[in-house]
Structure formats: structure tokens, C-alpha cells
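*Asks:* Below is one structure. I have some questions about it.
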Amino acid sequence: MDNCLFCKIIKGEIPSTKVFENDQVFAFKDINPQTPFHVLVVPKKHVSSVAEIDQLSNDEIAACLLAIRQIATSESSLSGGFRIISNCGVDACQSVPHLHFHILGGTRMAERMA
Ligand code: 5GP
Ligand code: ZN
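Okay, structure coming up:
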């Protein structure tokens, strides 16, 4: 999608610190990390959020979760665990309307999630 920030990052039109890429998925460091480790995992195909995830193939959906696993298992600071968040819509404060999964970790997080 032409005017989408994360589509531009995927295409390399906006710089990012890439941590993973394959045919279906791109992952990069969040510009404003909320935990010591904070990476965003996005499908290369543009869909706005989990609310539109039916527009991805099962393979593309699985690729996102498998990328999360691969990133997490190769990152020593996540050996004690990590959290995945995907904000969806206004009430969840989603600010970029391209589906993404936050991987948060590298510290002990609060039990309360919101
Ligand atoms: P959301 O609020 O939609 O769940 O998450 C969007 C995330 O994208 C935020 O954590 C924000 O810091 C991150 N972000 C926004 N703009 C950029 C950018 O230009 N580059 C990178 N790497 N992350 C960004
Ligand atoms: Zn997009």
C-alpha cells in the first residue's frame, strides 16, 4: 500500500534496523522501545490488523508466528520469556494500520497487561 509507513519500511524506502526477513515476513527494531528488547514483526502483505487477518493465507499467518519463534529463540535476552502484543483498532491505541506483532522482553514485565 502506497501510503503505509510499514510498507515503506519493508520496501526499504524508510530505514529500519532489520532483525529478520523471509519471503512473507519482515521484522525490525521498534523506534521507541518500551522494553530492552522490542521488535516488530509484520507480514509483507498489507493488512490493517488482526481484524483483517482473513485476507492473509494460513501460510502467511503461520509465517508471522514462526518468525516470532525464530527471533525469540535466537535472542539470549529472551531466554526467560517474552510477550507478544498486536494492538487492533482505536481502543487498543493502534497507531500504525499495518498488522504487526510487538515482541517485548529482556526484562521482567508487569503481570497486568493494560
Ligand atoms: P502500535 O501503536 O500501532 O501498536 O505500534 C506501532 C509501533 O511502531 C510503535 O511502537 C512505534 O514506536 C513504532 N514506530 C512508529 N514509527 C516507526 C518508524 O518509523 N520506525 C520504527 N522502527 N518503528 C516505528
Ligand atoms: Zn502496509
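For the sequence shown, our numbering begins at 8 and goes up steadily by one.
We put the beta carbon where it would ideally sit given N, CA and C, even for glycine.
(1) Nearest CA to the CA of Arg76: which residue from Ile60, Ala117, Asp37, Val26?
(2) Classify Ser100 as buried or exposed, calling it buried when 16 or more other Cβ atoms lie within 10 Å of its own Cβ.
(3) Report the rounded CA-to-CA distance for Arg119 versus Val46, giving the unit in angstroms.
(4) Need the endpoints of the alpha helix (DSSP H) that Leu72 sits in, please.
(5) Would you check if there are 3 or more beta carbon pairs closer than 8 Å linking the region 27-47 to the region 91-100?
*Replies:* Taking the geometry as given:
(1) The shortest C-alpha separation from Arg76 is found at Val26.
(2) The sequence as given places Cys at residue 100; Ser does not occur at that position. Residue environment: Cys100 is assigned as exposed (fewer than 16 neighbouring CB atoms within 10 Å of its CB, all protein chains considered).
(3) Our two residues, Arg119 and Val46, have alpha carbons roughly 21 Å apart in a direct line.
(4) Start and end: 65-80.
(5) By the Cβ rule, the region 27-47 does not count as touching the region 91-100, because fewer than three pairs are nearer than 8 Å.
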